[in-house]
Amino acid sequence: MEERLLALIAEVCDSDDIYERRDIDLFEAGLLDSMAAIDLLVSIEDEFGVVIAPTELAREEMNSVNKVLARVQERL
Amino acid sequence: MTFFTDPAFFVLLVLAAIPAAILGFLGRSQRFYLLGVSLLFLAFLFSKTPLAGLAFVFYLALSFSVSRLFLYLRSSRPSQSLQAPPSLPGRADLGSDTPGRYGDDRPQASPNLLGPSYPAGSKPPAIPGIAKSSRTRNGFSPSEPAGSKPPAIPEMALFLVVVGILLLPLVAYKASALFDASLLGFLGISYITFKTVQVAIEIHDGLIKELGIVDYLAFLVFFPPFTAGPIMRSRDFMHDIRTVPQQSDYRELFTRGLLWFLIGVFYKMVCSAVFSIAIWYLPKALGNASWVAIVAGQIGSAYAYGFYLFFDFAGYSLMAIGIGAVFGIKVPRNFHYPFASIDIKDFWNRWHMSLSFWLRDYVFMRFVRTVRRHRLIGSRVATSCCGYLLNMGLMGLWHGVTLNYLAYGLYHGLLLASHELFQRTSFFKRHKDTKPYRIVSWLVTFNLVMLGFAIFSGQVSLSGH
Chain A
171 MEERLLALIA EVCDSDDIYE RRDIDLFEAG LLDSMAAIDL LVSIEDEFGV
221 VIAPTELARE EMNSVNKVLA RVQERL
Chain B
9 MTFFTDPAFF VLLVLAAIPA AILGFLGRSQ RFYLLGVSLL FLAFLFSKTP
59 LAGLAFVFYL ALSFSVSRLF LYLRSSRPSQ SLQAPPSLPG RADLGSDTPG
109 RYGDDRPQAS PNLLGPSYPA GSKPPAIPGI AKSSRTRNGF SPSEPAGSKP
159 PAIPEMALFL VVVGILLLPL VAYKASALFD ASLLGFLGIS YITFKTVQVA
209 IEIHDGLIKE LGIVDYLAFL VFFPPFTAGP IMRSRDFMHD IRTVPQQSDY
259 RELFTRGLLW FLIGVFYKMV CSAVFSIAIW YLPKALGNAS WVAIVAGQIG
309 SAYAYGFYLF FDFAGYSLMA IGIGAVFGIK VPRNFHYPFA SIDIKDFWNR
359 WHMSLSFWLR DYVFMRFVRT VRRHRLIGSR VATSCCGYLL NMGLMGLWHG
409 VTLNYLAYGL YHGLLLASHE LFQRTSFFKR HKDTKPYRIV SWLVTFNLVM
459 LGFAIFSGQV SLSGH
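Respectively, the protein sequence lines represent chains A and B.
Add 170 to the 1-based position in the first sequence for the numbering used here, that's all there is to it.
Add 8 to the 1-based position in the second sequence for the numbering used here, that's all there is to it.
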């Protein structure tokens, strides 16, 4: 599941850097914006059946690879 | 009585703030006191327009009963295989974000591209499913391939009906304004509608699970931002009203509130007044001897109007934030140095933030999500461009159903869409962090924004006078 999610994030962010740097702020690094974030939520929904409403989480709860991983894992 | 301009308002405000501060400093709850004071202020607000007051009371009753019924229907649906995660009634993580809101200049809300701060680490809320899937929402089961829809249309239909009912008075009012009438209208209807719709959307999302009449009423009638914002979110408000701050925290909140209020007064009474004089003075001073003087006068007037609008509106907002703080409510920030924006997206993260974030969270994101879920538009860029046009078009119309406001909205929609396209060019990627680029980009943005205000004010008019 971790690998699938990483591949998904890499696709949305359009960068392979995320495999290496799992704790960087994806928004600050310019890898994620609000549009891509929605993409990510929809992709997570498609892939894992985990639904996260757009206003459910604050940005700092989902702004790095590891945090996204944690949020999805606690919902699986 | 008019809020923020009438001397009587300020007198009443001071009288109302004293007991609030005493309650706060004693560490007592201000919940019922705030509700009472808000009702009193609104009674004064509508005292000269009893018909509008009646429409307002009608809207309160309508929105409460509709939202409550919706919540009831939503939660009484039989759901299977829900593991009932612990639900938090309000926010759990306020301590960390409180200072950012008042203290420093960090944009408190703008980093929240995924929405405002809500419960940290809380489990996903239990969403009563309609279909078989355990995590169904919007009637769409994510575990199933896109396109095959479970029989969940009734829930979605119910939701749309609820939102439709909540929007109806605003739409009727805005439409009737075209004929110089004011059907169902009352002062503050535009702002209150954001609140009621937000509650309905989050009931639909399963994020709101209880709706007490006192809290809901207090949220809707909360007087400082009632007529001109900032737009609060119900879960933030309900958290604040139910939490009695520690005495030391309240002391800080109170002091900051007072400071913000005074800055707001200065913005409104001094800065905005100066620029409002400049608006008509500049064209006069430059005269109309030559076309150069005329154009210069008009341009100067347009820039003065932009600054006037900022100081006037930011002044109101700061006063509302300050009063809110005295009552223990953290009203969100509405402006964050908008004229320092480096690009147009940046501008909307700094200008009328509570409105633009509301639209981002409840219009843009929902639109994009629906489109992506159902694969309605192929490319991502096209999706976001359509989203921006829809988002900003609505923003324009919310100000009023006129050609100028619509043009203002679409103008910004187009700017955002163009920026989206521009961001993908190699030119942008190569130069975006260089100083010359940033300076030029700032300058262009600033002037485009000013042109936008000229459309907004009707100075640059499509309909022609």
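The C-beta atom is built at its ideal place from N, Cα and C for all residues, glycine as well.
Keep in mind the model is a prediction, meaning the values are calculated, not measured.
Item: Burial state of Trp-268 (chain B), where buried means 16 or more other Cβ atoms lie within 10 Å; Value: buried
Item: Exposed unless 16 or more other CB atoms sit within 10 angstroms - verdict on Asn-236 (chain A); Value: exposed
Item: Ala-236 (chain B) (DSSP reduced to helix, strand or coil); Value: coil
Item: Cβ of Met-361 (chain B) within 8 Å of any chain A Cβ; Value: no
Item: Residue-level contact to chain A via CB, Val-376 (chain B), 8 Å cutoff; Value: yes
Item: C-beta contact flag for Val-389 (chain B) and Leu-429 (chain B) at 8 Å; Value: yes
Item: Where Ser-392 (chain B) meets chain A, residues with beta-carbon distance less than 8 Å; Value: Met-205
Item: Residue from A:Ser-213, A:Glu-244, A:Leu-201 and A:Glu-226 whose Cα sits closest to the Cα of Leu-178 (chain A); Value: A:Ser-213
Item: Amino acids of chain A, ordered along the chain, whose beta-carbon sits closer than 8 Å to that of Arg-380 (chain B); Value: Ile-208, Asp-209 and Val-212
Item: Residues of the segment 211 to 228 of chain B whose Cβ lies closer than 7 Å to any Cβ of chain A, in chain order; Value: Asp-213 and Leu-215
Item: Same chain only: Cβ atoms within 8 Å of Thr-453 (chain B), ignoring 5 sequence neighbours per side; Value: Ser-349, Ile-350, Asp-351, Ile-352, Asp-354 and Phe-355
Item: Chain B residues whose Cβ lies nearer than 7 Å to that of Ala-223 (chain A); Value: Asp-213 and Leu-215
Item: Alpha carbon of Met-192 (chain B) to alpha carbon of Arg-381 (chain B), nearest angstrom; Value: Just to set this straight, residue 192 (chain B) is Leu in the shown sequence, not Met. Their backbone Cα atoms lie some 37 Å apart in a straight line.
Item: Cut-off 8 Å between Cβ atoms - residues of its own chain near Ala-322 (chain B), not counting five sequence neighbours on either side; Value: Gly-272, Tyr-275, Asn-342 and Phe-343
Item: Span of the alpha helix (DSSP H), counted from its first residue to its last, around Val-242 (chain A); Value: 235 to 243
Item: Which listed residue (B:Ser-298, B:Ala-185 and B:Ala-310) has its alpha carbon closest to that of Ile-287 (chain B); Value: B:Ala-310
Item: Three-state secondary structure assigned by DSSP to Met-232 (chain A); Value: coil
Item: Sequence-distant residues of the same chain with beta carbon closer than 7 Å to Val-220 (chain A), five excluded per side; Value: Ile-214, Val-242, Arg-245 and Leu-246
Item: Closer than 8 Å at the beta carbon, the chain A residues around Asp-248 (chain B); Value: Simply none; closest approach about 16 Å.
Item: Where the alpha helix (DSSP H) containing Trp-366 (chain B) begins and where it ends; Value: 361 to 367
Item: Sequence-distant residues of the same chain with beta carbon closer than 6 Å to Gly-417 (chain B), five excluded per side; Value: Met-400, Gly-401, Met-403 and Gly-404
Item: Any chain A beta carbon closer than 8 Å to Asp-351 (chain B); Value: no
Item: Interface flag, Glu-226 (chain A) vs chain B, CB-CB below 8 Å; Value: yes
Item: Rounded separation between Pro-133 (chain B) and Gly-214 (chain B) - CA only; Value: Legend: pLDDT at Pro-133 (chain B) = 39, less than 50; position of this residue unreliable, value from coordinates given subsequently. Pro-133 (chain B) and Gly-214 (chain B): Cα-Cα distance of roughly 6 Å.
Item: Endpoints, alpha helix (DSSP H) assigned at Pro-291 (chain B); Value: 280 to 294
Item: Contact between the segment 365 to 382 of chain B and the segment 63 to 78 of chain B (3+ Cβ pairs under 8 Å); Value: no
Item: Under 8 Å between C-beta atoms of Ala-25 (chain B) and Val-334 (chain B); Value: yes
Item: Glu-163 (chain B), buried or exposed, once every other Cβ within 10 Å from all chains shown has been counted against 16; Value: buried
Item: Within 8 Å, strictly: CB atoms of Tyr-313 (chain B) and Ser-465 (chain B); Value: yes
Item: Nearest neighbour of Leu-363 (chain B), chosen from B:Val-339, B:Val-169 and B:Lys-440 [CA to CA]; Value: B:Val-339
Item: Helix, strand or coil at Thr-391 (chain B) [DSSP, three-state]; Value: helix
Item: CB contact check: Arg-82 (chain B) to chain E, cutoff 8 Å; Value: Looking at the structure shown, chain E is missing, and the protein chains on hand are A and B.
Item: Cβ neighbours of Ala-60 (chain B) in the same chain (closer than 7 Å, five flanking residues each side left out); Value: Phe-54, Gly-193, Phe-194 and Leu-195
Item: Separation of Phe-52 (chain B) from Gly-332 (chain B), as counted between CA atoms; Value: 19 Å
Item: Span separating the alpha-carbon of Ser-280 (chain B) from that of Met-327 (chain B); Value: 14 Å
Item: Limits of the unbroken alpha helix (DSSP H) element including Glu-210 (chain B); Value: 197 to 212
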